[in-house]
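Just below is one structure, and these are the notes that go with it.
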Amino acid sequence: MKPTKIVLVVIAFMAVAVLATLPCWAADAKYPAKPIHMWVGFAAGGPTDSIARAISNIAEKILGQPIIVENKPGGGGALLLGLMMSAPSDGYTIATTTDTPYTRTPHLVNVKYNAMEDFAPIVRFGLQRQGIVVKADSPFKKWQDVIDYARKNPGQFTYGTPGPGTTPHLAIEKIALHDKVKFQHVPFQGDAPAMTALLGGHVMAASSGVLAWIQHVKAGSFRLLLVFDPEGVDQFPDVPTFKQLGYNFDAPTAQMLSAPKRVPKPIMDRLVAVFSEAMMTPQFQKFAKDQELLSVKPLAGADFQKWLQSQYTMYGTFINEVGLRKKTD
């Protein structure tokens, strides 16, 4: 083949290669060209669901496309991540959940995903304060009453949580280990179902994020016994914290957004920018303050991934200490 023909063939192949990438570039440039589906790992009415709806209402105005919130509860958020494994990597399916299915659940049960490799973290919305509540007519007036009851009635004190491996579950088991008592854990598919069970008298106590119980406490139907976070809850400053009672546990639950791992970088960058902008609006900042969220500033990219990895490692050690690590075949 003559040199001129060889050059022409090479140019032709290069042109085909460039043209093959144009649809991808064009798709990225037009993103989003249709509604985005935001899957939520917990039931409607709980803190994660409320945060997802609050942030999506703001973000969709910036994006210029609707964000459709769909609840996919189960397994403390692990069901959602299992579903995300088969979601298309085009930026039109994103996931809002807590960090539980990323940092805790894989240490407790066998999951169908690799928490640190199969997903792309977009942004952390904030850290959620947690607490333990009982009904207002409960005989438990303070936390020590619960401990005294558990010592006299091993395994009879029932408490509901948003699911296995969630911060409330692990924190209360940490207390049981510390005080040498035995509780009975009753997991639900989110914060709201746990609160409903408490209202109905199906459990003696329930533990979750502030948003799930704060209005019940204000209305006088629930009594707040204990707050996990050392900062306490601003609206109930007299309620003791873990630290004040001598419990060494400080790990608030993160509320976060992620996507499948292979979403194109331009689309990921757009999602990070849009949701970071939405977080800093006065509207979301007021919502966050009302719900007693902590660290309400965007954490994204490599810093977010590093934080998740550190939490994953920390909880692995913690779960071993509590004695909840999954059994291997």
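The working numbering puts the first residue of the sequence shown at 727, with every later residue one more than the last.
Each residue gets a CB set at the ideal place from its N, CA and C atoms; glycine is no exception.
Quick check on this structure: which residue in the options has the alpha carbon closest to the alpha carbon of residue i?
i       : options                          : result
Glu1059 : Gly808, Lys787, Arg779, Ser812   : Here the chain has residues from 727 to 1055 only, and residue 1059 is not among them.
Arg877  : Arg855, Ile901, Gly889, Leu1020  : Ile901
Met982  : Gly771, His763, Asp825           : Asp825
Glu957  : Val929, Leu1020, Met921, Pro1008 : Leu1020
Gly803  : Met810, Pro792, Phe768           : Phe768
Ala759  : Ala770, Asp816, Ser812           : Asp816
Ile784  : Gly852, Thr893, Ser1002          : Ser1002
Phe1013 : Ala999, Val998, Val936, Val1048  : Val936
Thr831  : Glu786, Thr822, Pro1008, Gly801  : Gly801
Val1048 : Glu786, His833, Leu806           : His833
Phe1010 : Phe883, Pro919, Met811, Ile781   : Ile781
Gly852  : Asp964, Thr979, Val959           : Thr979
Between residue i and residue j, what straight-line distance do the alpha-carbon atoms span, to the nearest angstrom?
i       : j       : result
Thr747  : Pro990  : Residue placement at Thr747 is flagged as unreliable, the pLDDT there being 46, under the threshold of 50; the coordinate-derived value follows with that caveat. Taking the straight line from one Cα to the other gives about 12 Å.
Gln970  : Tyr818  : 45 Å
Gln915  : Gly891  : 12 Å
Arg855  : Gly790  : 32 Å
Pro966  : Arg988  : 45 Å
Glu899  : Gly1042 : 15 Å
Phe1030 : Asp955  : 21 Å
Met1006 : Ser947  : 34 Å
Gly808  : Arg850  : 20 Å
Met994  : Met764  : 14 Å
Ala932  : Leu1025 : 30 Å
Trp939  : Lys1015 : 15 Å
Val691  : Asp844  : It is not possible to answer for residue 691, since the shown part of the chain is limited to 727 through 1055.
Asp1008 : Ser864  : The sequence shown places Pro at residue 1008, rather than the Asp named in the question. Going by the C-alpha atoms only, they are around 39 Å apart.
Ile794  : Pro894  : 29 Å
Name the DSSP beta bridge partners of residue i, please?
i       : result
Arg850  : Met982, Leu1025
Gln941  : The partner list for Gln941 (beta bridge, DSSP) is empty, contrary to what the question assumes.
Phe845  : Pro986
Val1048 : Paired residues: none, contrary to the question.
Pro880  : Answer by DSSP bridge pairing: none, since Pro880 is not bridged.
Leu952  : Ile858
Val795  : Met764
His911  : Tyr885
Thr819  : His763
Gly935  : Gln856
Thr967  : Val953
Leu1019 : Gln854
Thr824  : Gln981
Nearer than 8 Å: is that true of the beta carbon of residue i relative to any heavy atom of the ligand FMN?
i      : result
Pro773 : Within the structure as shown, the ligand FMN is missing, as the structure has no ligands at all.
Is the separation between the beta-carbon of residue i and that of residue j shorter than 9 Å?
i      : j      : result
Ser934 : Gly857 : yes
Leu896 : Ala841 : no
Phe968 : Leu950 : no
Pro799 : Pro986 : no
Ile788 : Ile820 : no
Leu924 : Lys861 : yes
Gly881 : Lys908 : yes
Between residue i and residue j, how many whole angstroms is the CB-CB distance? I'm expecting something under 8 Å.
i      : j      : result
Leu952 : Trp869 : 5 Å
His904 : Tyr828 : About 26 Å separates the two Cβ atoms, so there is no contact after all.
Val929 : Tyr885 : 6 Å
Gly772 : Pro913 : Their Cβ separation, rounded to whole angstroms, is 14 Å, which puts Gly772 and Pro913 out of contact at 8 Å.
Arg996 : Tyr757 : 6 Å
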